[in-house]
Structures are given as structure tokens and as C-alpha cells.
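No gaps in the numbering here: position 217 of the sequence shown is 217 in the UniProt record's numbering, and each next residue is one more.
By construction, the Cβ of each residue, glycine as well, lies at the ideal position given by its N, Cα and C atoms.
From a predicted model like this one, the values you see are computed outputs, not experimental measurements.
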Amino acid sequence: AWLPRPSSFRPIDNDNRDPNLHLSYFLNLNAGSLNEGLVRRYFHPIDVEAILRIPIGRGRYQDRLVWHFSQDGVYSVKSGYQIARDINASGDRPGSFYSTSSNGGQLSLFWHNLWHLPIPNKKRFFLWKCAHNILPLRSNLCIKKVQVDERCPLCNDSKETFLHLFSQCPFAQRVWYCSILGIDSKQFRCSSFMDWWHSLLDRWKNLSHKSELSRIASFILWHIWKAQ
Numbered sequence: 001a002w003l004p005r006p007s008s009f010r011p012i013d014n015d016n017r018d019p020n021l022h023l024s025y026f027l028n029l030n031a032g033s034l035n036e037g038l039v040r041r042y043f044h045p046i047d048v049e050a051i052l053r054i055p056i057g058r059g060r061y062q063d064r065l066v067w068h069f070s071q072d073g074v075y076s077v078k079s080g081y082q083i084a085r086d087i088n089a090s091g092d093r094p095g096s097f098y099s100t101s102s103n104g105g106q107l108s109l110f111w112h113n114l115w116h117l118p119i120p121n122k123k124r125f126f127l128w129k130c131a132h133n134i135l136p137l138r139s140n141l142c143i144k145k146v147q148v149d150e151r152c153p154l155c156n157d158s159k160e161t162f163l164h165l166f167s168q169c170p171f172a173q174r175v176w177y178c179s180i181l182g183i184d185s186k187q188f189r190c191s192s193f194m195d196w197w198h199s200l201l202d203r204w205k206n207l208s209h210k211s212e213l214s215r216i217a218s219f220i221l222w223h224i225w226k227a228q
């Protein structure tokens, strides 16, 4: 587990990959870089971009374990408990999206777009939670037998699901429509975050600044979440 991204932290399965090869095989220590040709030969195209962005030093260093979910890379019981609680909230596990072959193409595209968004890691991790349906939405908490009013705290009317909170709630509708994106969020009737996100991106697929629009959308999602 070595790719610097949440979810599996592992490369996507690729028929060309040899399980007996070590990472050192792909290193060019004299140049302080990776052998791009070998990386492209053995890894999935989406993984290639993530791998080539890993900084490589010229010296040899002792391997060490790093905890991704803290700024200093040191594991703490508090951060571990938070991640375990989020995963348990949906009965999911990290990396499970990669094991669903029927959704492989769509999911690979989603992760590719997510890792390339110019946003802070905190907001990237928030989108990761959305994709895995492990946000502590009130509807999710009720499923886990947590005693909480499942109504949306922003409108105090409908059940707080992902679609309602971020798209159908009157508060969210005003935010989207009054934002620079000018979106009528009532049009989105998707059942999951993944479908919702792809529907959003599909609106901008032919625009040259679609990455910037996606970045703005991620910030709007984040602030709607913080508002509740």
C-alpha cells in the first residue's frame, strides 16, 4: 500500500503487472527519478500519473510507515478511531470500489478526476467520504441505530440524505443557483454521489475550464456540509 491517495492506496489491477517486481525495479537512483517507460508498461494509465508525481530522492533511505490521515504522518488513536467510525457507518471498507468490476470504468474516471482536482487534501478526503457514502448524514446515523432526528437541520422537513442535503434542500438549491455556477440543482435526481457527480461533470465535458468548475463545485459541497 504505497500510492499517496485515499481508498485502497494500491495500484489498480493490471494484466501487465508482475507481482514479483519490487518498487526498486522502477527507480533510477542516479537521476533521482522513476523510469517512466517501465512505469507506463506495467501500471494502469490512471495509476501512472499518480506514481510519476511521487518525489524520488537520490540517496537510499530506510523505509518507514506513514499514516496518511494526519499531517505529520504519525498514527494516533483519535485519527484511527475517526476513520474506523466513518467506514463502519456505511459497512464499507477502503478500496472496495476497485473490486466492483461492473463499475470499474466509471470509478476509475471518478478517481482520476478527483486526484487531479486542485483542492486541499481536507476537501479531497471529504469527497472520498461522499463517494463511499460514509458521511455522518442523519439518515446514515439512523440506519446505525443512533438516536437522532433524521430530518434535515437546514430545512427541518425532509430526511437528510445525500441527495436532499446537497441538491434538493431549499438551502442547497439557493446556494447552487446563486453561486457562480448558476445551477438548478432540482434537476439532479440521482440516487448516489457518484451518479450525481458524473451528471454534474457531464454538463461541462466540452468546456476548457471544466477543472476549475469542478473545483468550485467541490467547495460548494464542502460549505453546504459545514452549514448543517
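Alpha carbon of residue i to alpha carbon of residue j, nearest angstrom
i: Ile216; j: Lys129; result: 18 Å
i: Tyr25; j: Asp47; result: 17 Å
i: Val66; j: Tyr75; result: 8 Å
i: Leu181; j: Phe125; result: 23 Å
Exposed unless 16 or more other CB atoms sit within 10 angstroms - verdict on residue i
i: Leu23; result: exposed
i: His164; result: buried
i: His132; result: buried
i: Cys178; result: exposed
i: Val146; result: exposed
i: Pro153; result: exposed
i: Pro11; result: buried
i: Gly91; result: Because Gly91 sits at a pLDDT of 45, beneath the cut-off of 50, its placement in the model cannot be relied upon, and the point is left open.
Spatial neighbours of residue i in its chain, beta-carbon cut-off 8 Å, leaving aside the 5 residues before and after
i: Lys186; result: Ser167, Gln168 and Gln173
Residue interval of the alpha helix (DSSP H) (run including residue i)
i: Arg174; result: Pro170 to Cys178
i: Ser139; result: Arg138 to Ile143
i: Val148; result: Run containing Val148: none; DSSP gives neither H nor E here.
i: Phe125; result: Asn121 to Ala131
Own chain partners of residue i with C-beta closer than 6 Å, once the 5 adjacent residues on each side are dropped
i: Trp196; result: Phe188 and Cys190
i: Ile119; result: Arg215 and Ser218
i: Gln228; result: Pro153 and Leu154
Chain-order list of residues whose beta-carbon lies under 7 Å from that of residue i (same chain, five-residue window excluded)
i: Pro170; result: Cys155
Check: residue i C-beta below 7 Å from any heavy atom of the ligand FMN
i: Ser70; result: Within the structure as shown, the ligand FMN is missing, as the structure has no ligands at all.
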